[in-house]
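What follows is a single structure, written as structure tokens, with notes after it.
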Amino acid sequence: VWYVYTAGIVFFIFCVMLSISRQIKQQNQQHEAAKLRSARLETELLKKHIQPHFLMNTLLSIISWIREDPPTAIKLIQSLAEEFRMINQISSQTEIPLSDEVALCRTHLTLMGYRQDVQYALEAQNLPGEEKIPPMIFHTLIENGLTHAYRSGENGKFLISCERNNGTVHYRLWNDGSQLEKLSRQPAQQIEEGMGLKYVKARLEERYPHRWQMDYGLRSDGWEVNIIIAQH
160 VWYVYTAGIV FFIFCVMLSI SRQIKQQNQQ HEAAKLRSAR LETELLKKHI
210 QPHFLMNTLL SIISWIREDP PTAIKLIQSL AEEFRMINQI SSQTEIPLSD
260 EVALCRTHLT LMGYRQDVQY ALEAQNLPGE EKIPPMIFHT LIENGLTHAY
310 RSGENGKFLI SCERNNGTVH YRLWNDGSQL EKLSRQPAQQ IEEGMGLKYV
360 KARLEERYPH RWQMDYGLRS DGWEVNIIIA QH
């Protein structure tokens, strides 16, 4: 009987150790998978801003301004350098202060304003600057808003707001633009791919797994993106 009892205990311990070992292995695999996802998103973030067409168009704008207005060319160069500096600082992070994200968005709008010879404005309402979010969430949405919402030579306005309610944080990004009606008629998949929403969704899922919602569409005389995040 004693041998049977001892064997039972040994078998029980073996099963427990095996279960723990499997859990550790699974956790390690999940951790490595998360690291790979984060690295892939970091690479995607950097690739977005060293695209040949972006650099080529910016350099062509610089050449044009050098001929027409050298001081503006200098400002454009400074804005480009500042944006790359800021992106380099945040590229390896999974979240950054909201205030840094807004500053990056404003830098990009300044840069694109010089490039297009127009005025782009960003208004921020009720934003808790200490709040942290995944990097370049709003930057990506604004960048694509510039591409799809405005005709050449058209000024633009963006508005970011934040509300807290019943354990959730609700971010709203709105922009105007004369091309929005045409955009709203495109298929949902085409909008998602064209507006950079896949990157945004991947970042949100990485940071807030199964705790976020996002919707978008033509509302309030403009294009609106809503991101709702449930707090722990």
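If you want the numbering used here, it's the 1-based position in the sequence shown plus 159. We put the CB at the ideal spot given by N, CA and C, even for glycine. Bear in mind that the values here come from a model prediction, so they are computed numbers and not experimental data.
Should residue i be labelled buried (16 or more other beta-carbon atoms within 10 Å of its own) or exposed?
i	result
residue 247	exposed
residue 376	exposed
residue 334	buried
residue 271	buried
residue 339	buried
residue 218	exposed
residue 183	Since pLDDT at residue 183 reaches only 49, below the 50 mark, its modelled position is unreliable, and the value read off the structure follows with that caveat. Exposed, by the Cβ-count rule.
residue 242	buried
residue 215	exposed
For residue i, which residues from the same chain have a beta carbon less than 6 Å from its beta carbon, with the 5 sequence-adjacent residues on both sides left out?
i	result
residue 342	307
residue 389	327 and 370
residue 305	271
residue 374	385
Whose CA, out of the options, lies closest to the CA of residue i?
i	options	result
residue 213	275, 357 and 282	275
residue 381	388, 371 and 336	336
residue 329	315, 299, 383 and 379	383
residue 296	280, 259 and 369	259
residue 301	292, 312 and 280	280
residue 367	374, 391 and 356	391
residue 361	245, 317 and 253	253
residue 257	309, 317, 234 and 321	321
residue 317	310, 332 and 309	332
Look at the alpha carbon of residue i and the alpha carbon of residue j, and state the distance between them as a whole number of angstroms.
i	j	result
residue 358	residue 225	35 Å
residue 278	residue 324	34 Å
residue 263	residue 221	20 Å
residue 191	residue 365	Residue placement at residue 191 is poorly supported in this model, since its pLDDT is 48, which falls under 50; the coordinates are not used for a value here.
residue 290	residue 227	42 Å
residue 286	residue 386	14 Å
residue 326	residue 268	32 Å
residue 236	residue 372	37 Å
residue 293	residue 363	7 Å
residue 265	residue 223	23 Å
residue 356	residue 244	24 Å
residue 379	residue 315	15 Å
Closer than 8 Å by C-beta to residue i: which residues in its own chain qualify, once you throw out the five before and the five after it? Chain order, please.
i	result
residue 312	275, 276 and 277
residue 229	none
residue 249	255, 259, 263, 294 and 295
Among residues of its own chain, excluding the 5 on either side of residue i, which ones have a beta-carbon nearer than 7 Å to its beta-carbon?
i	result
residue 239	217 and 270
residue 310	337 and 338
residue 234	273
So, under 8 Å CB-CB, residue i and residue j are touching, yes? Tell me the CB distance rounded to an integer number of Å.
i	j	result
residue 273	residue 299	No, residue 273 and residue 299 are not in contact; Cβ-Cβ is about 20 Å, not under 8 Å.
residue 283	residue 319	5 Å
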